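J.: Under the numbering used here, the residue at position 31 of the sequence shown is numbered 1265, and the numbers go up by one with no gaps.
Positions of the beta carbon are idealized from the N, C-alpha and C atoms, including for glycine.
As the structure is a computational prediction, the values presented were derived from the model and not from experiment.
Quick one: the structure is below, questions incoming.
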Amino acid sequence: MATHVTTVFTLTGPQDRLRQIADERAYRTCAPDQMAWEDDSTLVMTLENGIGTSFLDHGHGLSDEYPDVSIRGMEYFDCFDDPGFVKWQGGQLVYEADLITVFGILFPTDATKDWPGCSASFWHRSAPLAAAIAENCPHFDLMPLRQLAGPVPGWVETTDGFATLFLRPPSTPDAQDGLGVIFYLEIGRSTLLAGIDRFGGVTRFRRQSYGQISAACPELRVVLRDRWKASDKKRRKARQERKVLRRKMKKEIRAVGSSLLSFCDTDPWVI
């Protein structure tokens, strides 16, 4: 089954020039019904399932052909996983950022809005990350989450029913000192995200034990202990289920191996 790919080019410039470009690029970049005016000076071209050539190479071509307009490119797969952002200005590449997802969870990044479609995502930090997020996702900002009430002062919490995220947003808009604790309580796994900035950029992340997490975040110790104890029965059940599945898989592998050996021994044409 083909992977669904969405490519978007956003061109900014004088309206007359953009209308000329829209006429020239009709059926070359995309069909006319896939072009939309965001405002009088912004033309958006959307392509489903990619463009048949490299996203970056196609953007370079547009930039070379139209150096007098600003071009932002975005491409993502399926449900906005690991999007790529690029910008050209004056025919030159300004930034290129591939946002490699470390963790994502539904969490209102705008504290004034209570809607579940706003996802907090955490990415490998790169030099162009801040510019790419600020320009392409202007409403994504972890700082407003500091206004929300959490389990302990300075921390906020959310869950999707499987993973639970405890987040300490950065101390200031320019800081990179945020912390995140991801708990998969029912399977007994946890991860520490360190060096988080307001755009979700992460310096490093690593799996740690419950004890290591508790030691690294002493202010969360009581909360984590309560959640850990409450999920003990579910963890035991999950461990038992995994053991049963592993035994079943080993039996199936042995059965297949025995069948192949028997077949090779009885069929003279098998080499």
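Would you kindly work out how many angstroms separate the C-alpha atoms of Lys-1484 and Tyr-1444, rounded to a whole number?
T.: Those two C-alpha atoms are separated by around 30 Å.
J.: Could you tell me the boundaries of the beta strand (DSSP E) in which Gln-1326 lies?
T.: Element bounds for Gln-1326: 1326 to 1332.
J.: For the beta strand (DSSP E) holding Glu-1309, just list the boundary residues, first then last.
T.: Counting along the chain, the beta strand (DSSP E) containing Glu-1309 begins and ends at 1304 to 1311.
J.: Quick check: the segment 1318 to 1326 against the segment 1334 to 1345, are there 3 or more CB pairs under 8 Å?
T.: In short, these stretches do not touch, since the Cβ pair count stays below three.
J.: Ends of the beta strand (DSSP E) at Leu-1417?
T.: It should be noted that the sequence gives Phe, not Leu, for residue 1417. Counting along the chain, the beta strand (DSSP E) containing Phe-1417 begins and ends at 1412 to 1418.
J.: Going along the chain, which residues of its own chain have a beta-carbon closer than 6 Å to the beta-carbon of Leu-1458, five neighbours each way excluded?
T.: Within the same chain, Leu-1458 has close Cβ partners Ser-1448.
J.: Less than 8 Å between the CB atoms is what I'm expecting for Phe-1439 and Ala-1428, so what's the real figure, rounded?
T.: 7 Å between Cβ atoms; contact.
J.: Considering only residues of the same chain and omitting the five flanking positions on each side of Thr-1263, which have a CB-CB separation below 8 Å?
T.: Counting only Cβ-Cβ distances below 8 Å, and skipping sequence neighbours, we find Phe-1243, Met-1279, Leu-1281, Ile-1285, His-1292, Leu-1296.
J.: Since Gly-1295 is in the alpha helix (DSSP H), which residue starts that stretch and which ends it?
T.: Where Gly-1295 is concerned, the enclosing alpha helix (DSSP H) stretches over 1289 to 1299.
J.: Is the segment 1430 to 1437 touching the segment 1408 to 1416 in the sense that three or more CB pairs, one from each, lie closer than 8 Å?
T.: Because the criterion of three Cβ pairs below 8 Å is met, the segment 1408 to 1416 and the segment 1430 to 1437 touch.
J.: Compare the Cα-Cα distances from Glu-1369 to each of Asp-1257, Asp-1298, Ser-1304, Val-1456 and report the closest residue.
T.: Nearest option by C-alpha distance: Ser-1304.
J.: Rounded to whole angstroms, what is the Cα-Cα separation between Arg-1441 and Val-1239?
T.: Approximately 31 Å between the Cα atoms of the pair.
J.: Please classify Ala-1265: does DSSP put it in a helix, a strand, or coil?
T.: Three-state DSSP puts Ala-1265 in coil, outside helix and strand.
J.: Please list, in chain order, all residues of the same chain as Asp-1394 whose beta carbon is under 7 Å from its beta carbon, the five residues on each side excluded.
T.: Excluding sequence neighbours, Asp-1394 sits near Ile-1339, Leu-1340.
J.: Taking the alpha-carbon of Arg-1306 as reference, which of Thr-1276, Pro-1378, Arg-1461 has the nearest alpha-carbon?
T.: The shortest Cα separation from Arg-1306 among Thr-1276, Pro-1378, Arg-1461 belongs to Thr-1276.
J.: Determine the direct distance from the alpha carbon of Phe-1374 to that of Gly-1247, and round the result to whole angstroms.
T.: In a straight line, the C-alpha of Gly-1247 is about 25 Å away from that of Phe-1374.
J.: How about Glu-1309 and Thr-1392: are their beta carbons less than 8 Å apart?
T.: Going by C-beta atoms, Glu-1309 is not nearer than 8 Å to Thr-1392.
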